Every structure is written in C-alpha cells, then in structure tokens.
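>
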Amino acid sequence: MEIGDRRPGWRTRFAPSPTGALHAGSVRTALFNWLAARATGGSFLLRVEDTDQGRYHPGSELQILESLRWLGLDWDEGPEVGGPHDPYVQSLRTDLYRLEADRLVEIGAAYWCTCTPARLEQMRAGQRAAGRPTRYDRRCLERREEVAAEIEAGAPAVLRQLIPRGRTEWEDLIRGPIAFDNAEIDDQVLLKGDGYPTYHLANVVDDHAMEISHVIRAEEWIPSTPKHLCLYRALGWEPPRFAHVPVVLGEDGQKLSKRRGARDILQYRELGYLPSALVNAMALLGWSSGTEEEVFTVEELVARFSLDRVHPAPAVLDGRRLDALNGLHIRRLAPAELAEELEPWLPQTTGEQRLALVPMLRERMNRLDEAPRLASALLDGLPTAGEVQFPPKKVDAATAAALLDAAVGLVEEGGLEEPDDELVRRLGAVLEDRGVKRGDGFRVLYIAILGAPAGVPVFQAMRFIGAEASAARLRAARERLDR
RNA sequence: GCCCCGUUCGUCUAGAGGCCCAGGACACCGCCCUCUCAAGGCGGAGAUCAUCGGUUCGAAUCCGAUACGGGGUACCA
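Take 1 as the starting number for the first sequence in the working numbering and just add one per residue.
This is the structure in structure tokens:
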C-alpha cells in the first residue's frame, strides 16, 4: 500500500423505521452497510427512523434489534449502546430538524404551504390527465403573505423544499453517474403538519450530524437522492457518497414485501438456519468475491467485501441455495458447536448425547430442524412398522433370519465394542455365503434398528441406543419374520 | 402518464474489446466411493450473453433504439 493510499474507515448506517419486522431485503441492506464499515475499519451506526406516527408498530424496534443481533451485525453507535450523537431515535431529535428547517426558510430554500390534501390531489389528477409529471405547482410560493396570514390564523401548514433550477448529479458507487433535471424534482414536504420531519429532511440532517461518510441504501431511494443533494447544498454541507444497492425479489420475481408474505428474518431461525449461512447467502445476492469461492464465514466476508463488486441488478433469494449453503455451514461447525446449536431442536437430550449424535447427523442435514426426524428412532423409540417392506427387496426371509440371528449373537457377545469394519466383515460374511449383496442385506438391520431401510449408520446407531436395546430390536425383527 | 434503475444457464453470479462457440455455485442427471441414506470426488445436460442497429480487424463487454422487468411519482420510509 502506498503512502497516501490509506483511506479512513467508512461511517455507515442502517436506518430502519419501526413499522414491522425486518425481511431479507432490508437485512441485506443492513449487511452491506455493516460489511462496508467493518471492511474499512470504520463504524456502523443504527438509527431508528420513527417520524411517521401513523405507521409506528409497537414492538418492532426490539424485533429489529434482535434480528441484527442474531445475525451478528453489531452496531458501534445507536439504540442501547449510545454514542457521541445520542439520541439515535429521530422522534427524540425533533428540535434539531426544526432548527435546520428554520434556516432553510431564512435562506430561501424552503417555504410554507397551506394547500389542503384535497387540493393537492385535484392538482395531481389534472397533471396526470394532461400527461404531465405530478409535481407541486408552487401556488403557496407565489402567495407568501397570504400563507403567513393563514398560518397566523391557525391554518395547518407544511414546509416545502424549494428545488432550484439546474441539474443534480452524483457518482453512484454501484451504478456510476446518475443525473436528474431539477425540473423533474418535486418540492418535497420537509416538515409535516404534525411537526415531524419527513424522511428527506431528517435523513439529511442526521447523516450530516452523525458524520455518515457513505449512504448505502436500497435502489428505491434513487429518485429522492437529488432532493437530498439539493438539501445538502442549500445547508452548505458536504454530502456523503451514495451507493444504491439492488432490491431483493421473492421467488415469484416480485419485490419482497411484508404484504406479499416476505418472512420476518427471525423466522429463519425457527426454520433451522444458521445466522452465518443466512449472512453468506444474503451477501451473495448482488455481491460476489470475484473468485470461485462462495462459502464464507462472516469474518471471511469482512476480509473480502467491497462495494464496487456489487452487481446492480435485482436478485432473487433462492431457498434451495440457502438450504445447501446452510448444510455447508453446519458441516463447518466444530462438533461441540453443532451439539450446542442442536439443543433447542433436541430438547430431550443431554449435551453428551448430542455430541454422540453429531457424527451421525452432520452430513445428513441442511437445516437444524431436520435433526428431530433423523434422530427420532434413536431418541423416541422405534416407529411403528407401517408401510416398510420387510424383509426388503432382494433379501429372502431365510437370509434375513440368519443375519438377524448372527447380529443378535454378535451384539450379546459385546461385538459393538469392535470397530465398524469388523462388524461389517463378520455380518457381511453371512450374506455373502447366501449370495446376497451387503448393501441389500444390511437393509434388514436398518429396518430392525431404525424402522426404515435407510438412515444414520446402523452400527453407530446401535452403539448409541446400547447393546441391550439393540439386541431387543433385532430380536423383535426376527420374530416379525416368523409371523 | 412522467422520471429513474436494470436485463449473462431455472436461480445466484464471473466477465470491465481478442484468454469466452461464455467460467463457477445451487438445483437436476450419471458415475465413483460406500453397511443404507447422506456427505465427498468426478462427469453431463443447461445461456443464439433481452432484441435490433451501430462503432471496431474483432463486442457479453463501447454507443443508440426497442422490448421486458423493477423502482419512484405521498403531510410513508
């Protein structure tokens, strides 16, 4: 690295509004912000944007914090941890917005408006009918004295941004240059009738106050970025860099939305996904390492992440790929770690039991919720015979009987102390003598021990349930043959 | 309607003028390994690089138009 090439760490932020749970789309945006901060040795801030009282959803703030915590996206400043720019909740910062709003009025970058919603609606309907863009017609800008008098008399009013003439452009970190003709930009409401700021004002004031260096947000914000840039300019502030990340689409190709059944990110925990796998999968939506590696721990992502490797097209979260990735992450866990992850899924077990189960389960599951099914015959007893064909195909009853007899004898003599290879050899000999393939013949043992022709390795299973239980199950199967 | 963003195998993507009659991953199929099922290894199938037209000796890569998809167009964020 050359001298002068050192860039200071980025200050990024995730600014959710507490209107509901987080879904994969919003979490992916949070993740990119977090990764960008961590990758550059900067800071990641969390800010609650609760300026819309109408849409406030009680409890969702805690849900959001828990989601981020579960995924390991820790914040350096924000709710609960505080920081030099406290508070990190917009409803507690209204004085600040009011102050800057007054400044904007003074310098002529904003004006008060008393138009009623009904008039605005009528105005837009007319514009639309005429094939023109829908923008505020600045009626109140032209009648300032009247407006002032109306407000004096107690009329409700909003503050509008006065968009200057010209062009507004910026170099988007993901999309390159983007330009808007200011004539296309509406005179955005900055302060609502209830005194709260809109996102547009609050976001600019806070990002500046909190010294955010890079605004990484979803692409739906592209059309309002010029408004924000105009605000920065009017206030005399240097704007941050902008990066608009692509949206995440559902498997139906539509944008994820709560309305269309996008699931709360915490539901993935309930479904048996590991946070590291989810983070890995979300990082791969739009971002790629540039190498052929794709399975990454969170630390590996931090070491590799860079915003300029983000692809601008929307991406679909593929459940099958997530499952496969989750399986890979499960297999990457140390046995003790997996045993611990399994606790909620196998509540009837001890830690020691789970550790013994891990070698049997780890290659066989992509999601933790598969553990109960895989371990059921070992923990809950043999399932009822049901539909299973016994003896299985390609195995005659006499061979099955001989195999089971041999197995019972072996188990009772303490044969389970022997290594697998030895057991396979000794029981396999019984089958070979009768011309039955081991693979076919051993299904008899699987059905006897697990109640199904396939499952976790049968000798390991027998050791887990113990010699006594194993012998009992083998005998029960032997008796079934006689009936 | 108006504005903006996007478009490579079913899905996620690599690709920044010749290395690409396009590479990887998931899913799918086959083989190997093997006490079953998996896991793992190897191989296969799968993309006229949205379309059309330019630029160029040469284009997935540059330019333009069109189509399609997405987003915005609120006193929501």
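From the three backbone atoms N, C-alpha and C, an ideal C-beta is built for every residue, glycine too.
All of these numbers come straight from a predicted model, not from anything done at the bench.
Under DSSP, the alpha helix (DSSP H) around H228 begins and ends at which residues?
As a position in the first sequence, residue 228 is number 228, starting the count at 1. Run containing H228: T225 to L235, per the alpha helix (DSSP H) assignment.
> Please report how far the alpha carbon of R483 lies from the alpha carbon of F390, in whole angstroms.
Against the first sequence, residue 483 aligns to sequence position 483. Against the first sequence, residue 390 aligns to sequence position 390. C-alpha separation (whole angstroms): 11 Å.
> Give the single residue among L307, S470 and L285 whose Cα lies nearest to the Cα of A313.
As a position in the first sequence, residue 313 is number 313, starting the count at 1. Answer by Cα proximity: L285.
> Quick check for students: name the residue ranges of the alpha helix (DSSP H) that lie wholly in the stretch 119-196, counting only runs of 4 or more.
Counting whole runs of 4 or more residues, the stretch 119-196 contains the alpha helix (DSSP H) stretches 144-152.
> In this structure, how does DSSP classify T12 when only helix, strand and coil are distinguished?
One-based indexing of the first sequence puts residue 12 at position 12. In the structure shown, T12 sits in a strand (DSSP, three-state: E or B).
> Find out if the Cβ-Cβ distance for the pair H57, S257 is shorter than 9 Å.
By one-based count along the first sequence, residue 57 stands at place 57. By one-based count along the first sequence, residue 257 stands at place 257. Cβ distance not < 9 Å, so H57 and S257 don't count as in contact.
> Over what stretch of residues does the beta strand (DSSP E) that includes V247 continue unbroken?
Stepping through the first sequence from its first residue, residue 247 is reached at position 247. Looking at the DSSP string, V247 is not in any beta strand (DSSP E), and its letter there is neither H nor E.
> With distance defined between alpha-carbon atoms, name the residue in L328, V310 and Y273 nearest to F296.
For the purposes of this step, residue 296 is identified with residue 296 of the first sequence, where counting begins at 1. The option with the nearest alpha carbon to F296 is L328.
> Check whether the Cβ atoms of P164 and C230 sit closer than 9 Å, and answer yes or no.
By 1-based counting over the first sequence, the position of residue 164 is 164. By 1-based counting over the first sequence, the position of residue 230 is 230. Result yes, Cβ atoms of P164 and C230 sit closer than 9 Å.
> With DSSP as the reference, label Y446 as helix, strand or coil.
Along the first sequence, one-based indexing puts residue 446 at 446. In this structure, Y446 counts as helix in the three-state DSSP scheme.
> Can you name the start and end residues of the alpha helix (DSSP H) that L266 belongs to?
Translated into the one-based positions of the first sequence, residue 266 becomes position 266. Run containing L266: none; DSSP gives neither H nor E here.
> Could you tell me the boundaries of the beta strand (DSSP E) in which F44 lies?
Position 44 of the first sequence, counting from 1, holds the residue named residue 44. F44 -> beta strand (DSSP E) spans S43 to L46.
> Using the DSSP secondary-structure output, state which residues sit across from Y111 in a beta bridge.
For the purposes of this step, residue 111 is taken as residue 111 along the first sequence, with counting starting at 1. Its beta-bridge partners are R160.
> In angstroms with no decimal places, state the Cα-to-Cα distance between R135 and D186.
Position 135 of the first sequence, counted from the first residue, corresponds to residue 135. Position 186 of the first sequence, counted from the first residue, corresponds to residue 186. Using only the alpha carbons, I get a separation of about 5 Å.
> Suppose only complete runs of 3+ residues qualify. What are the beta strand (DSSP E) ranges in the stretch 385-430, listed by chain order?
Taking only runs of at least 3 residues, no beta strand (DSSP E) segment lies wholly in the stretch 385-430.
> Going by DSSP, what residues sit across from H23 in a beta bridge?
For the purposes of this step, residue 23 is taken as the residue at position 23 of the first sequence. Answer by DSSP bridge pairing, in chain order: D264.
> By DSSP, does A313 sit in helix, in strand, or in coil?
Taking the first residue of the first sequence as position 1, residue 313 is located at position 313. If DSSP states are grouped into helix, strand and coil, A313 belongs with coil.
> Using a Cβ-Cβ cutoff of less than 6 Å, which residues in the same chain neighbour S91 once the five nearest sequence positions on both sides are dropped?
The residue you call residue 91 lines up with position 91 of the first sequence. If we look at S91 and ignore the five residues flanking it on each side, its Cβ neighbours are D50.
> Quick one: give me the first and last residue of the beta strand (DSSP E) that I216 is part of.
Stepping through the first sequence from its first residue, residue 216 is reached at position 216. H214 to A218 is the extent of the beta strand (DSSP E) around I216.
> Determine whether the beta carbon atoms of M282 and V48 lie at a separation below 9 Å.
What you label residue 282 is simply residue 282 of the first sequence in a count that begins at 1. What you label residue 48 is simply residue 48 of the first sequence in a count that begins at 1. No; because the gap between Cβ atoms is not below 9 Å, this pair is not in contact.
> Smallest Cα separation from L404: which of Q353, P344 and A472?
For the purposes of this step, residue 404 is taken as residue 404 along the first sequence, with counting starting at 1. Comparing Cα-Cα distances from L404 to each of Q353, P344 and A472, the minimum goes to A472.
> Ordered along the chain, which non-local residues of its own chain (more than five positions away) have a Cβ less than 7 Å from that of G41?
For the purposes of this step, residue 41 is taken as the residue at position 41 of the first sequence. Closer than 7 Å at the Cβ level, and outside the excluded window around G41, lie G9.
> How big is the Cα-Cα spacing for A149 and R143?
Working through the first sequence from its first residue, we reach residue 149 at position 149. Working through the first sequence from its first residue, we reach residue 143 at position 143. One C-alpha to the other measures close to 10 Å.
> By Cβ distance below 6 Å, which residues in the same chain neighbour L141 in space, the five residues on each side in sequence not counted?
Stepping through the first sequence from its first residue, residue 141 is reached at position 141. The residues are Y111.
> Which residue or residues does DSSP assign as beta-bridge partners of R241?
Along the first sequence, read from residue 1 onward, the residue named residue 241 stands at position 241. Bridge partners of R241: H214.
> In terms of alpha-carbon separation, which member of R354, P18 and D420 lies closest to G59?
Locating residue 59 in the first sequence gives position 59, counting from the first residue. Nearest of R354, P18 and D420 to G59, Cα basis: P18.
> Between G415 and Y268, what straight-line distance do the alpha-carbon atoms span, to the nearest angstrom?
Here residue 415 refers to the residue found at position 415 when the first sequence is read from its first residue. Here residue 268 refers to the residue found at position 268 when the first sequence is read from its first residue. If you take the alpha carbons of G415 and Y268, they lie about 43 Å apart.
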